[in-house]
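To start, the structure itself, in structure tokens.
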Amino acid sequence: MVEIILENKKGEKKINSTAVEEILSIKADLGYVKDISDSIKQKNIMVFDCKLDKSAFKYEFLEEEDYEEYGVGEEYLQVLFEDIKAYLKDISDDVEDDLQEEYKYEDIKCHFEIYDLDETFTDVKFVLTISFGNINRAKLMDLTRHVSKRQLQGSSKYFN
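Going by the UniProt record's numbering, the sequence shown opens with residue 1, and the numbers climb by one from there.
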């Protein structure tokens, strides 16, 4: 658990990552959320290992020979992947808005990075980083990418 002290118009407010984890856990789109904020050393940043709920995306896949018969190629799978990324971007933006409203603090930024995706596009695991301070988007993106690579390499004991 990480604790952050925010200063807004009403004074100081303490936020801990367990409370944010609870906020994320009630979102219907997320099937699993685990606070891994202790795995990084950056100030004013929380990190969560997440899994998209299996019901969020339902794709009907063709048999392999049908892909060839109908001329469906890798572009189709790329479109599905882009759909999932757009969906996660919407979730990330919603979380950002919800936290800004909840804590009355405008300088909250969220970013996600997918680190594992099965061939049926129903098992989507990603890292969500939340910054409660003045950090530029590029740095937050780099940090998110770094944590997601670490999760992919097997340090995620939550899904393995």
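Note that beta-carbon positions come from the ideal geometry of N, C-alpha and C, so glycine has one too.
Per the coordinates, the alpha-carbon of residue 126 lies some 19 Å from the alpha-carbon of residue 108. When rounded, the separation of the alpha-carbon atoms in residue 20 and residue 3 is 10 Å. Taking the C-beta atoms as reference points, residue 18 is found nearer than 7 Å to residue 1.
In this structure, residue 91 and residue 29 form a Cβ contact; the two beta carbons are roughly 6 Å apart against a cut-off of 8 Å. For residue 126, the secondary structure class from DSSP, reduced to helix, strand or coil, is strand. DSSP lists 51 as the bridge partner or partners of residue 32. In the DSSP secondary-structure assignment, residue 117 is bridged to 124. With three or more CB-CB distances shorter than 8 Å, the segment 80 to 95 counts as touching the segment 115 to 130.
For residue 46, the three-state secondary structure derived from DSSP is strand. The C-beta separation of residue 99 from residue 130 comes to about 7 Å, placing the pair in contact by the 8 Å criterion.
In the three-state reduction of the DSSP assignment, residue 85 falls in the helix class, which pools H, G and I.
For residue 5, the beta-bridge partners assigned by DSSP are 14. Under DSSP, residue 112 forms a beta bridge with 128.
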